[in-house]
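Working notes, beginning with the structure itself.
Number of protein chains: 2
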Amino acid sequence: MKELRGKLIADRIKGECLDFVGKYNGILPALAVLRVGEKEDDIAYERSIKKRFVDYGLEVKDYELPANCTNEEFQEVFDFINDDPEIQGILVMRPLPAQIDEEAMLKKMNPLKDLDGITDANVAGVMRGDKHAFAPCTAQAVVEILKDYNIEMAGKRVCVIGRSMVVGKPLSMLLLKENATVTVCHSKTENIKAVASEADIVVAAIGKAKKISGGYVREDATVIDVGINVDEQGNLCGDCDWDQIVLKASAATPVPGGVGTVTTAVLARHLVEATKLQKNL
Amino acid sequence: MKELRGKLIADRIKGECLDFVGKYNGILPALAVLRVGEKEDDIAYERSIKKRFVDYGLEVKDYELPANCTNEEFQEVFDFINDDPEIQGILVMRPLPAQIDEEAMLKKMNPLKDLDGITDANVAGVMRGDKHAFAPCTAQAVVEILKDYNIEMAGKRVCVIGRSMVVGKPLSMLLLKENATVTVCHSKTENIKAVASEADIVVAAIGKAKKISGGYVREDATVIDVGINVDEQGNLCGDCDWDQIVLKASAATPVPGGVGTVTTAVLARHLVEATKLQKNL
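Order-wise, the sequence lines are chains E and Y. Counting from 194, one number per residue, gives the positions in the first sequence under this note's numbering. Counting from 194, one number per residue, gives the positions in the second sequence under this note's numbering.
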């Protein structure tokens with residue numbers, strides 16, 4: 194079985210980013226990361242973004258608020274980031290605490306700074322297949338991996354397991370654009386193993402450790418594992434049971450080192466694209 | 194085989210509309226139909242809307258522009274409709290001629306008046322599953338028919354043939370909300386007959402007369418035919434070959450008298466909902 198590692202793709206995107214900052218050396222694309230509270234996952238993700246962006250020649254600016262900040266305090270910081278021409282991209286760690294009016298934030302957010310595709314303009318643009326719409330980075334990362342490894346999507350059957358706004362739904366639209374025949378499965382799907390087993394490509398995006406066993410995968414299918422979970426031994430693992438998948442799939446993404454690696458790189462590419470759009474380059 | 198006729202559903206929606214105008218008798222919900230040019234299909238659709246809306250106790254206001262009008266003329270009329278508080282719904286006959294800036298129109302359009310779900314806010318709202326988002330009327334009509342005839346969607350396999358922004362894509366999102374397992378097929382799908390034959394429900398939305406033969410349909414499946422075409426004899430027909438479908442399906446919508454009938458009724462219901470939202474009723 195072939196391991197579909199994300200590193201080579203990430204390195205190529207790194208090259209694109211470094212080329213950009215080299216070419217326009219007065220311009221330093223900056224991402225604002227807005228975090229409310231001290232959730233461990235958020236802090237870990239933020240740390241990995243910062244480490245990567247430094248390598249890629251890009252800037253990250255942190256904006257932190259305490260978990261009990263008021264909605265007004267949050268919106269004020271958000272407005273600053275949203276309006277500041279020195280910031281070209283915004284990543285808001287979600288979900289936000291209950292007191293924050295997320296809808297108000299989404300309504301205001303500049304779609305050109307919305308690198309993770311959460312505004313109406315980008316959600317709708319992804320459904321329409323618009324070239325300049327930002328898709329959620331994780332969904333985009335799945336397509337990048339398939340493209341990079343020359344795994345045919347056009348005409349092929351792809352089963353997406355999971356129907357979230359972060360992965361399943363937007364990914365189904367991106368895959369349609371690539372001319373795949375897309376099936377979306379979820380917790381209410383009957384005979385989910387039988388349905389998934391029809392697919393040439395299975396994408397697991399359910400957020401449950403090792404849930405996708407060999408029974409979900411046809412012999413020689415490609416498996417893309419979007420999940421990042423912690424198993425009973427405290428180790429990182431995906432939504433797929435790797436030991437079983439390797440016996441059936443012809444190719445699969447490892448966790449870690451697969452989709453997650455590419456997701457952060459896609460975020461960096463989106464920041465460069467956003468900078469080009471905002472500065473008309 | 195059971196014919197899934199739209200008339201009873203349309204009559205029930207008519208009842209809802211008449212109840213509304215009876216209850217709030219100072220309020221007459223008004224739909225503006227904006228048409229550029231004299232396309233026969235547009236005029237026929239407009240005529241059928243008007244006839245129906247009169248029956249339903251609702252108003253239709255016509256706004257017509259010549260095919261060679263300028264973009265400025267168009268936008269001026271559009272702005273008037275969009276801003277007039279006496280108009281609660283807008284239906285723009287599309288596609289518009291090339292000289293009209295459709296994107297500018299979409300950006301301005303009040304989502305609360307956007308009864309056919311073409312603005313970013315409604316496209317995104319439908320993907321998110323928001324309760325108050327307006328879906329394209331045709332896509333919504335498909336779901337209404339399945340609900341009304343108590344055809345189970347939850348957990349079942351639905352194959353949508355067609356991936357347009359008017360039917361296929363938004364319908365796939367509406368069906369996911371109903372907990373269906375959704376497959377979207379299209380012109381690039383390999384073995385499309387085999388794929389469609391797996392489904393409990395097949396929705397044909399490709400706009401090709403009688404293209405969907407019995408080979409696309411599993412014994413006892415339900416078939417929803419969204420197409421409205423003219424056959425070689427000049428008669429109205431759907432995307433399905435009715436003579437073949439009746440031999441295999443357990444239930445199917447006729448053309449005419451099926452989805453189209455419900456679509457105009459859904460437009461009327463959307464106008465009443467839009468009126469409630471705009472007048473806080």
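Backbone N, C-alpha and C fix where the C-beta goes; we use that ideal spot for every residue, glycine too. Being a predicted model, the structure only gives us computed values, none of them experimental.
DSSP beta-bridge partners for residue i?
i	result
A350 of chain E	According to the sequence shown, residue 350 of chain E is Arg rather than Ala. The partner list for R350 of chain E (beta bridge, DSSP) reads E:T374.
N422 of chain E	E:C430
G282 of chain Y	Y:L224
D204 of chain E	Partner(s): none; D204 of chain E has no beta bridge.
K195 of chain Y	Y:A444
I417 of chain E	E:V396
D313 of chain Y	Answer by DSSP bridge pairing: none, since D313 of chain Y is not bridged.
D436 of chain E	DSSP, once it has assigned bridges, lists no residue as partnering D436 of chain E.
D307 of chain Y	Y:I283
Would you say residue i and residue j are within 8 Å of each other, going by their C-beta atoms?
i	j	result
L197 of chain Y	T446 of chain Y	yes
K207 of chain Y	Y249 of chain Y	yes
T467 of chain Y	G219 of chain Y	First, the residue type needs correcting, since residue 467 of chain Y is Ala and not Thr in the sequence shown. The answer is no: Cβ separation not under 8 Å.
G420 of chain Y	G431 of chain Y	yes
L224 of chain E	L289 of chain E	no
S406 of chain E	D424 of chain E	no
V335 of chain Y	V452 of chain Y	yes
I344 of chain E	A444 of chain E	yes
G482 of chain E	N422 of chain E	Because chain E spans 194 through 474 in this model, residue 482 of chain E falls outside it and cannot be assessed.
C210 of chain Y	V465 of chain Y	yes
L429 of chain Y	V448 of chain Y	yes
C378 of chain Y	A389 of chain Y	yes
L299 of chain Y	E252 of chain Y	no
V477 of chain E	Y409 of chain E	What the structure shows of chain E is the stretch from 194 to 474, and residue 477 of chain E is not part of that stretch, so it cannot be assessed.
I438 of chain Y	I338 of chain Y	no
I293 of chain E	F267 of chain E	yes
L474 of chain E	Y217 of chain E	yes
L328 of chain Y	G310 of chain Y	In the sequence as presented, Leu is not what sits at residue 328 of chain Y; that position holds Ala. Result yes, Cβ atoms of A328 of chain Y and G310 of chain Y sit closer than 8 Å.
H325 of chain Y	L201 of chain Y	no
D313 of chain E	A314 of chain Y	yes
K254 of chain E	I280 of chain E	yes
L368 of chain Y	M346 of chain Y	yes
L308 of chain Y	H463 of chain Y	yes
A260 of chain E	V229 of chain E	yes
A392 of chain E	T376 of chain E	yes
M194 of chain Y	A442 of chain Y	yes
C330 of chain E	T454 of chain E	no
K370 of chain E	G322 of chain E	yes
L286 of chain Y	M320 of chain Y	Leu is not the amino acid found at residue 286 of chain Y; the sequence shown has Met there. No; because the gap between Cβ atoms is not below 8 Å, this pair is not in contact.
- [ ] Name, going along the chain, the residues of the stretch 265-287 of chain E whose beta-carbon falls closer than 7 Å to a beta-carbon of chain Y.
- [x] none
Open item on the list: Check whether the stretch 333-353 of chain Y and the stretch 349-365 of chain E are in contact - that is, three or more C-beta pairs closer than 8 Å.
Closed with: no
Task: Residues of the stretch 393-416 of chain Y whose Cβ lies closer than 7 Å to any Cβ of chain E, in chain order - done: none
- [ ] Return the chain-ordered ranges of every alpha helix (DSSP H) run that is complete within the stretch 354-415 of chain Y and spans a minimum of 4 residues.
- [x] 361-370 and 385-389
Open item on the list: Using 8 Å as the cut-off, can you tell me whether the stretch 291-306 of chain Y makes contact with the stretch 240-247 of chain Y, which would need three or more C-beta pairs spanning the two stretches below that distance?
Closed with: no
- [ ] Please name the residues in the stretch 313-333 of chain E whose beta-carbon is closer than 7 Å to at least one beta-carbon of chain Y, in chain order.
- [x] D313, A314, V316, A317, M320 and R321
TODO: Closer than 7 Å, Cβ to Cβ, to anything on chain Y: give me those residues from the stretch 252-263 of chain E, in chain order.
DONE: none
Task: alpha helix (DSSP H) runs wholly inside the stretch 213-264 of chain Y, at least 4 long, in chain order - done: 233-248
Open item on the list: Any C-beta of chain E within less than 8 Å: which residues of the stretch 349-360 of chain Y qualify?
Closed with: K349, R350, R356 and M358
Open item on the list: Which residues of the stretch 207-233 of chain E have a Cβ closer than 9 Å to any Cβ of chain Y? Give them in chain order.
Closed with: none
- [ ] Identify each residue in the stretch 433-460 of chain E for which the Cβ-Cβ distance to at least one residue of chain Y is less than 7 Å, and report them in chain order.
- [x] none
- [ ] With 7 Å as the C-beta to C-beta threshold (strictly closer), list the residues of the stretch 289-301 of chain E near chain Y in chain order.
- [x] none
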